[in-house]
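K.L.:
One structure is given below, represented as structure tokens, and several questions about it will come after.
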Amino acid sequence: MKQRAWLALVLLVVLIVGGAGYAASQASLSALSQPGAVETYLATAAKGWLVTRAARSPLPPAPPNDSASVASGYMQYGGRCAFCHGTDGTSPTDVGTSLYPRAVRLNSTAVQQYSDAELFVVIRDGIRLSGMPGFGRIYSDRELWNLVHYVRSLGPAPRSQPSQ
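With the sequence shown counted from 1, adding 218 to any position gets you the numbering used here.
This is the structure in structure tokens:
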């Protein structure tokens, strides 16, 4: 019985190592090719969980979300963010679409569904192993919140109308 348990354990280890080896041999570091569905799902789920967790930590208070804050956020956006996300925030540039993961449209449902706190931590901390840098050492907390307010002002992307 003990020998069977060891044999099963060895077989399991061989299968895991073999599967990992096969996956590694099929993986690509290229940012040009589209990732598979499993990779996309796992990366998106991990990112969502980590962003949500980071947003639970105490954050500096936000200034009022008014036209002055949005205008200030727009000015900051043009200086650092437009290079990838496009001047309007809804049309990523060639550089942004060459990244992996691709620069997102800031009016997309995925972005607009983030809470303000989640947007703040993404802008402040960035997302490791992606093209999204952290701006926490460049901008003050107030400026980061202004960027959040600007992103929020873009609103959700209009849904396409069914063709008639």
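Virtual Cβ for every residue (Gly too), placed ideally from N, Cα, C. Fair warning: this is a prediction, and the values are worked out from it, not measured in the lab.
(1) Look at the alpha carbon of G314 and the alpha carbon of P282, and state the distance between them as a whole number of angstroms.
(2) At what residues does the alpha helix (DSSP H) containing V366 begin and finish?
(3) Can you tell me the Cβ-Cβ gap for F301 and T311, rounded? I've got them flagged as a contact below 8 Å.
(4) For Q382, count the other beta carbons within 10 Å of its own beta carbon; 16 or more makes it buried, fewer makes it exposed. Which is it?
(5) Check whether the region 288-298 and the region 352-370 touch, using three or more Cβ-Cβ pairs below 8 Å as the test.
(6) Around the C-beta of Q379, are 16 or more other C-beta atoms found within 10 angstroms, so that it is buried, or is it exposed?
(7) Starting from G314, follow the alpha helix (DSSP H) in both directions and report where the run begins and ends.
(8) How do the region 244-261 and the region 325-336 stand: do at least 3 beta-carbon pairs fall below 8 Å, yes or no?
(9) Are L317 and I341 touching if we call contact CB-CB under 8 Å?
(10) Which stretch, first to last residue, makes up the alpha helix (DSSP H) that contains F338?
(11) Would G354 pass as an interface residue toward chain B - the criterion being a Cβ-Cβ separation below 8 Å?
(12) Assign A321 to buried or exposed, taking buried as 16 or more other Cβ atoms, counted over all protein chains shown, within 10 Å of its Cβ.
(13) Cβ of A273 within 8 Å of Cβ of S333?
(14) State the CB to CB distance for the pair H367 and V288, rounded to an integer number of angstroms; the pair is presumed to be in contact (CB under 8 Å).
(15) Taking the alpha-carbon of T270 as reference, which of P278, L337, M350 has the nearest alpha-carbon?
(16) Put Q379 into one of helix, strand or coil per three-state DSSP.
(17) Shortest alpha-carbon distance to V323 belongs to which of V339, H303, A335?
P.N.:
Concretely, from the data shown:
(1) 30 Å
(2) 359-371
(3) 7 Å
(4) Low local confidence applies: a pLDDT of 42 at Q382 is under 50, so the model's placement there is unreliable, with the coordinate-based value given in what follows. So Q382 ends up on the exposed side.
(5) yes
(6) Reliability fails at Q379, whose pLDDT of 47 lies under 50, so the model's placement of it is uncertain and no value is given.
(7) 312-316
(8) no
(9) no
(10) 334-343
(11) Annotation note: the requested chain B is absent from the structure, which comprises a single protein chain.
(12) buried
(13) yes
(14) 5 Å
(15) L337
(16) Its pLDDT being 47, under 50, Q379 is placed unreliably in this model, and the value from its coordinates should be taken loosely. Correct three-state label for Q379: coil.
(17) Position check: residue 323 holds Arg in this sequence, whereas Val was assumed. Selected option, being the one with the closest Cα: H303.
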